[in-house]
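Accompanying notes for the structure given below.
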Amino acid sequence: MIFNREFPPAVKGSLVAAATFLALGTVAAIWSNPLFIRMTPSGTAELVLLAALSVLLGAFVALRRPHCSARAAGGGGVASFLGIACPTCNKLLMLLFGGELLLTYFEPVRLYLAAAGVLIVTAATWRQWTQRREAQPSVGLKTMNGEPQ
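Just so we're on the same page, our numbering is the position in the sequence shown counted from 1, plus 16.
Structure below.
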């Protein structure tokens, strides 16, 4: 059965990247869809930040080792989603802060929040990458005097 099979990390990462892009883009109504309607216009910046977030989360999953940097990646993902999504369409934000406050104070800085989230996911992915490289033994490398390390 296909569900009992372990997929290679690159396949897992690609699937996560594609699913993230489609799911968050649809929920944030970056493109027109029958499920969600966006009340404030989206631009190229939201699409670029969504693509960057999707690729980084896919890379994070492909590199991920258990219990490493997951909080940072999750927090960065949430911050990016809040920055990409329509502020007046987010019911939780509307209940907490109200429409006028969101449009006055949150709307001007939401892209910066999304960019900060992407940077956090970048840092978490970089951390995974460096930890993975440090954990793998160097194969076939020799020291200056010709002896294996």
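Just so you know, even glycine gets a beta-carbon here, dropped at the ideal spot from N, CA and C.
| Asked | Found |
| --- | --- |
| Nearest-angstrom Cα distance between Ala-78 and Thr-56? | 34 Å |
| Between which residues of its own chain and Ala-132 is the CB-CB distance below 7 Å, once the five residues before and five after are set aside? | Ala-95 |
| Can you tell me which of the three DSSP states Ile-136 falls into? | helix |
| Rounded to whole angstroms, what is the Cα-Cα separation between Arg-126 and Ala-89? | 18 Å |
| If we call anything under 8 Å between Cβ atoms a contact, is Leu-66 one with Ile-100? | yes |
| If we ignore side chains and look at the alpha-carbon of each, how far apart do Tyr-128 and Ala-68 end up? | 14 Å |
| Look up Gly-92 in the DSSP assignment and say whether it is helix, strand or coil. | helix |
| Could you check whether Val-27 and Gly-74 sit closer than 8 Å to each other, using their CB atoms as the reference points? | no |
| Hey, could you find the ends of the alpha helix (DSSP H) Gly-74 is sitting in? | 60-79 |
| Provide the residue span of the alpha helix (DSSP H) that contains Ala-35, from first to last. | 25-43 |
| Provide the residue span of the alpha helix (DSSP H) that contains Phe-113, from first to last. | 107-113 |
| Roughly how many whole angstroms lie between the Cα atoms of Thr-104 and Gly-115? | 6 Å |
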